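Q:
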Amino acid sequence: MHDSGWPPRRTGQPQRPPESERADRDTAEQLLGLVAKGDESAFERLYPLVAGAVLGMVRRVVRDPGQSEEVAQEVLVELWRTARSYDPAKGSALTWALTMAHRRAVDRVRSAQAATQREARVGAESVRREFDEVAEAVATNLEREQVRRCLASLTELQRESIMLAYYGGRTYTEVATVLRAPLGTVKTRLRDGLIRLRDCVGVSR
Amino acid sequence: MSPDVHTLTGAYALDALDELERRRFEAHLAECPDCTREVDELRATAAKLAMAAAETPPDRLRQRVLAQVATTRQEPPATVAATAARPRPPRRTGWAVRLTAAAAGLAAAAALLLGVVTVRTGAERDAARAQLAELQSRYAPVAELASAPDARGDSGTGAHGGTAFVLASHARDRAVLLVADLPAPPAGHTYQAWLIGGAGQPRSAGLVPPDPGTGAPPLQFTGLAGATKVGLTVEPAGGSPQPTTTPVVLFDLPA
Chain A
35 MHDSGWPPRR TGQPQRPPES ERADRDTAEQ LLGLVAKGDE SAFERLYPLV
85 AGAVLGMVRR VVRDPGQSEE VAQEVLVELW RTARSYDPAK GSALTWALTM
135 AHRRAVDRVR SAQAATQREA RVGAESVRRE FDEVAEAVAT NLEREQVRRC
185 LASLTELQRE SIMLAYYGGR TYTEVATVLR APLGTVKTRL RDGLIRLRDC
235 VGVSR
Chain B
758 MSPDVHTLTG AYALDALDEL ERRRFEAHLA ECPDCTREVD ELRATAAKLA
808 MAAAETPPDR LRQRVLAQVA TTRQEPPATV AATAARPRPP RRTGWAVRLT
858 AAAAGLAAAA ALLLGVVTVR TGAERDAARA QLAELQSRYA PVAELASAPD
908 ARGDSGTGAH GGTAFVLASH ARDRAVLLVA DLPAPPAGHT YQAWLIGGAG
958 QPRSAGLVPP DPGTGAPPLQ FTGLAGATKV GLTVEPAGGS PQPTTTPVVL
1008 FDLPA
C-alpha cells in the first residue's frame, strides 16, 4: 500500500514515480494557467506533457489510427480553447486533459455504426485478445510497470471490467454482456476495482 | 444517498454509463459533495491508465495542433451543465425581438446572425447585398413564423462556442432552429437537434444543416407538445434514433 503521497517532494528518496510525475504535474498546471491567458508559447510547452498520453489512450479506445489522430487533435485544440474552464481544485491538468480525451474517444466509438461493428467482434475470444494486447502494451515501460503491477493486484473480474470499460470504451452494460456477469456485479467491480487501483497507484489530489 | 447510486461513481469515472444514466448521475453529483470527491479521485486513477498507454505522437500531429491553435479563439469559462442549471437571465427574448423586428427588416437580422463582415468597398457592398437577398429568401420561414402572435425565441450557448436559437409558435406547432459559429462537427458527423422533456425519450427534431454558407435553409420542425428543452448533439452522418453524445447546447424550448 502506498503512503499518503504527501508532502509532494520527499527528498533523498531514490524511488522515482511520484516525485518526477508531480514535478511534471506542477509544470503542466502552471503552463495551463498561462495558456488560459492566451499564451501560445506556453501551449507549445504544455503539448509534449500531454500529447503522448492523450494519443496513446485515444488509440486504445478508437483503434483506427487515422481517427485516433483526429480525435487527439480535437482534444488538444480543445485544451487551448477551454483552458479557462480548468479548475485546479478538481484535479491535475493532466487528469483534466485525459478526462476530456477519454470522453471524446468514447463519444467517437459509441456512435450507432461503431456500436454495430463492435457488436460483431464482441465474442469472448476477441475480448481476451484485446485484453492481452493492452496488457502487453501497458507493460512496456517503467511508469507503466506500476500500473501493470497494480492492475495485477485486482481480481480478474475487477481488472477485466475496468479495462473493457476504459480501454474498450464500453458501457458497463456492454461489459456485463461480454463478461457474462450480472449488471450489478460489474457496476460494483468497476467501483471497488478503481478504488483499489487508486490506493495502489497512490493518487492524491 | 442510496448506496446504489454511489456505486455508479466508478462507471461514471470510466465513462461507462449510457447517456440517460449519465445525466441522472450528474444531477445527483450536483448535490453530493462526497460523490464528487470520489469521482475526482477515480478520474485521476483512470488518468493513470491513460498515462500507461502513452505513445510518442507523430510530429504531424504537433504541427496540425499548433497550426489550428494559432487560428482558434479561446472560450470564456463555461460548461453545458452550468448553462443548463443556472436560471436564464431575462434577456431570453433578445434574438426573438431582433427577429420579429426583422419581419420588416429581415436582411439586417440575417446580417447580424451570420456575422457579415464590415462593408468597405462598393464591390463588397454589392456582394453583401446579393448575399442578403439570398439570405432573405432562405430565412423567409423565420420571418413567416415570427409573425405568429405567440412566437417566442430562446437561445443557448455551445459548450465549445457558438450559439443556437429556436423560434417557436405553439399555436402553429412549428419552430425553426438557427445556429451560428458552432465548431464544425468531426468528419462524418453532424449536429442533430432533439426535443427533450415530457414523457419518454428525447425526440429527434432533425439534422442541423451544415454551415450556413452552403445555402441550406434553417431546420424547421413540429411536434412541440410536451417538450421543454432543445438540445444539439454530435451524431454520425445521417443522425441517430436516440442521442449518443452529450448535448453541446441545451436550452429551454420557448414556452
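Chains as they are written, first to last, in my numbering: chain A, 35 to 239; chain B, 758 to 1012. All C-beta atoms, glycine included, are put in the ideal place defined by N, C-alpha and C. Bear in mind the structure is a predicted one, so any value in this text is a computation, not a measurement.
1) Can you confirm whether B/V1006, when its beta carbon is compared against all beta carbons of chain A, has any partner nearer than 9 Å?
2) 9 Å is my cut-off, CB to CB: does A/T133 come that close to chain B?
3) Taking C-beta pairs closer than 9 Å, name the residues in chain B that A/S75 reaches, listed in chain order.
4) Can you name the residues of chain A whose CB is closer than 7 Å to the CB of B/R800?
5) Taking just the CA atoms, how far does A/Q180 sit from A/R230?
6) Between the region 981-997 of chain B and the region 944-955 of chain B, are three or more C-beta pairs nearer than 8 Å?
7) Since B/D1009 sits in a beta bridge, which residues does DSSP pair it with?
8) Would you identify the three-state DSSP class for A/L228, choosing helix, strand or coil?
9) Ordered along the chain, which non-local residues of its own chain (more than five positions away) have a Cβ less than 7 Å from that of A/G90?
10) Is the shortest distance between the beta-carbon of B/Q909 and the beta-carbons of chain A less than 9 Å?
11) For A/T129 and A/E112, I'd like the C-alpha separation in whole angstroms.
12) So, for A/L185: in the same chain, excluding its five sequence neighbours on each side, which residues have a beta-carbon less than 6 Å away from its beta-carbon?
13) Work out the CA separation of A/A127 and A/E108 for me, nearest whole Å.
14) Which of the residues in the region 815-833 of chain B, read from start to end, lie with their CB under 9 Å from any CB of chain A?
15) Is A/V242 close to chain B, meaning its C-beta is less than 9 Å from at least one C-beta of that chain?
16) Buried or exposed: B/S926, going by 16 or more other Cβ atoms within 10 Å of its Cβ?
17) I need the DSSP call for B/T793, collapsed to helix, strand or coil.
18) According to the neighbour-count rule (16 or more other Cβ atoms, all chains shown, within 10 Å of its Cβ), is B/L799 buried or exposed?
19) If you measure between the beta carbons of A/R225 and A/A215, is that distance less than 9 Å?
20) Count the other C-beta atoms from every protein chain shown that fall within 10 angstroms of the C-beta of B/A858, then say buried if there are 16 or more, exposed otherwise.
21) Establish whether the CB of B/A858 and some CB of chain A are separated by less than 9 Å.
A: Short version:
1) Sequence index remark: in the second sequence, residue 1006 of chain B carries index 249 (1-based). No, B/V1006 does not count as interfacial toward chain A.
2) By 1-based counting over the first sequence, the position of residue 133 of chain A is 99. Interface residue, yes.
3) Within the first sequence, residue 75 of chain A is the residue found at index 41, counting from 1. Chain-ordered listing is empty here: chain B has no CB closer than 9 Å to the CB of A/S75, the nearest sitting near 10 Å.
4) Walking along the second sequence from the start, residue 800 of chain B turns up at place 43. Those within 7 Å of B/R800 in chain A are G125, T129 and T133.
5) Walking along the first sequence from the start, residue 230 of chain A turns up at place 196. Walking along the first sequence from the start, residue 180 of chain A turns up at place 146. One alpha carbon belongs to A/R230, the other to A/Q180, and they sit about 13 Å apart.
6) Yes, since at least three Cβ pairs between the region 981-997 of chain B and the region 944-955 of chain B fall closer than 8 Å, the two stretches touch.
7) Counting from 1 along the second sequence, the entry for residue 1009 of chain B is found at position 252. B/D1009 is bridged to B/K986.
8) Walking along the first sequence from the start, residue 228 of chain A turns up at place 194. In this structure, A/L228 counts as helix in the three-state DSSP scheme.
9) Taking the first sequence and counting its residues from 1, one reaches residue 90 of chain A at position 56. For A/G90, there are no CB contacts under 7 Å within the same chain when 5 residues up- and downstream are skipped.
10) The residue given as residue 909 of chain B occupies position 152 in the second sequence. In the sequence as displayed, the identity of residue 909 of chain B is Arg instead of Gln. Answer no: the Cβ-Cβ gap between B/R909 and chain A never drops below 9 Å.
11) Position 95 of the first sequence, counting from 1, holds the residue named residue 129 of chain A. Position 78 of the first sequence, counting from 1, holds the residue named residue 112 of chain A. Rounded to whole angstroms, the separation of the alpha carbons of A/E112 and A/T129 is 14 Å.
12) If you number the first sequence from 1, residue 185 of chain A lands on position 151. The residues are R193.
13) Here residue 108 of chain A is taken as the residue at index 74 of the first sequence, counted from 1. Here residue 127 of chain A is taken as the residue at index 93 of the first sequence, counted from 1. Approximately 17 Å between the Cα atoms of the pair.
14) Those residues of the region 815-833 of chain B that come within reach of chain A (Cβ to Cβ, closer than 9 Å) are P815, R817, L818, R819, R821, V822, L823, Q825, V826, A827, T829, R830, Q831, E832 and P833.
15) Beyond the ends of chain A as shown, which are 35 and 239, falls residue 242 of chain A; an answer cannot be given.
16) Reading the second sequence from its first residue, position 169 is the one you call residue 926 of chain B. A residue is called buried when at least 16 other Cβ atoms come within 10 angstroms of its Cβ; B/S926 meets this threshold and is buried.
17) The count along the second sequence starts at 1 and reaches residue 793 of chain B at position 36. In the three-state scheme derived from DSSP, where H, G and I count as helix and E and B as strand, B/T793 is classed as helix.
18) Numbered from 1 along the second sequence, position 42 holds the residue referred to as residue 799 of chain B. With 16 or more other Cβ atoms inside 10 Å of its own Cβ, B/L799 counts as buried.
19) Residue 225 of chain A sits at position 191 when you count from the first residue of the first sequence. Residue 215 of chain A sits at position 181 when you count from the first residue of the first sequence. Inclusion of A/R225 and A/A215 in the CB contact set at 9 Å is not warranted, their separation being larger than that value.
20) Along the second sequence, read from residue 1 onward, the residue named residue 858 of chain B stands at position 101. Since pLDDT at B/A858 reaches only 42, below the 50 mark, its modelled position is unreliable, and no value is offered.
21) By 1-based counting over the second sequence, the position of residue 858 of chain B is 101. Confidence in B/A858 is poor, its pLDDT being 42 and thus under 50, which makes the residue's placement too unreliable to answer from.
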